[in-house]
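Report on the structure given below.
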Amino acid sequence: MTYHAIPDNMVRKKDGSYVDYRRMNSVTIKDAFPVPDVKDALDSLRGAKYFATIDLLSGYWQIGMTQRARERSAFCTRRELIQFTRMPFGLFNAPASFCRLMQIIIHDLLYACCICLSMTS
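For the sequence shown, the numbering used here gives the first residue as 41, with consecutive numbering after it.
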C-alpha cells in the first residue's frame with residue numbers, strides 16, 4: 041500500500057479531493073500566541089497524584105468562525121460554494137486560536153494540576 045503525504049494545510053472535501061490553504065495562509069497575519077511548552081507541562085507532573093485525560097480529537101471543530109473568516113476559507117465544488125462554520129484544520133492560525141481558547145477555559149487549572157490534552161485517535 042502506498043501512502044501519500046498530505047501537507048498540513050490541505051483539507052479533505054466530501055468528494056475526496058482537497059482544499060489547499062497555502063495561498064491564503066501566505067497572506068494571513070500571523071497570530072503569535074504561544075503553544076504550550078512540553079517541558080513545562082512535564083515539569084508540572086512532579087508530585088502529582090491524580091491524572092485526567094481530555095480527548096480533544098475534534099477540538100478544532102468546536103470553535104466557530106466569524107463571517108469574515110467563513111468567506112475567506114470558502115471553496116467551490118462543482119455544485120456549490122462551501123463555507124466552514126467551524127474552524128477546519130489547515131488554517132495557519134488554527135493552532136494558536138485553539139491554544140488561546142484552551143488557556144481561557146483551563147487558566148485556573150493550568151500547571152496547578154495535570155491535564156493531558158490528547159488530539160490523537
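Even for Gly, the Cβ is constructed at its ideal location relative to N, Cα and C.
> Cβ of residue 114 within 8 Å of Cβ of residue 71?
Replying inline: Here residue 114 refers to the residue found at position 74 when the sequence shown is read from its first residue. Here residue 71 refers to the residue found at position 31 when the sequence shown is read from its first residue. Cβ distance not < 8 Å, so residue 114 and residue 71 don't count as in contact.
> Within this structure, are the beta carbons of residue 139 and residue 78 separated by less than 8 Å?
Replying inline: Numbered from 1 along the sequence shown, position 99 holds the residue referred to as residue 139. Numbered from 1 along the sequence shown, position 38 holds the residue referred to as residue 78. Their beta carbons are not under 8 Å apart, which means residue 139 does not touch residue 78 by this criterion.
> According to DSSP, is residue 57 helix, strand or coil?
Replying inline: Numbered from its first residue, the sequence shown carries residue 57 at position 17. Of the three classes helix, strand and coil, the one that applies to residue 57 here is coil, per DSSP.
> From this set, 60, 83, 141 and 69, which residue's C-alpha is nearest residue 101's C-alpha?
Replying inline: Walking along the sequence shown from the start, residue 101 turns up at place 61. That would be 141, whose Cα lies nearest to the Cα of residue 101.
> residue 132 bridges to which residues according to DSSP?
Replying inline: By one-based count along the sequence shown, residue 132 stands at place 92. Beta-bridge pairing links residue 132 to no other residue.
> Which first and last residues belong to the beta strand (DSSP E) in which residue 80 is found?
Replying inline: Taking the sequence shown and counting its residues from 1, the one referred to as residue 80 is at position 40. Taken as a continuous stretch (DSSP letters only), residue 80 belongs to no beta strand (DSSP E), being part of the alpha helix (DSSP H) at 78-83.
>> Using the three-state DSSP reduction, which class does residue 99 fall into: helix, strand or coil?
In response: Residue 99 sits at position 59 when you count from the first residue of the sequence shown. DSSP places residue 99 in helix when its eight states are reduced to three.
>> Checking 8 Å against the spacing of the C-beta atoms, do residue 86 and residue 105 come in under that value?
In response: Reading the sequence shown from its first residue, position 46 is the one you call residue 86. Reading the sequence shown from its first residue, position 65 is the one you call residue 105. No, they are not a contact pair.
> Cα separation between residue 147 and residue 90?
Replying inline: Locating residue 147 in the sequence shown gives position 107, counting from the first residue. Locating residue 90 in the sequence shown gives position 50, counting from the first residue. So the alpha carbons of these two residues sit roughly 18 Å apart.
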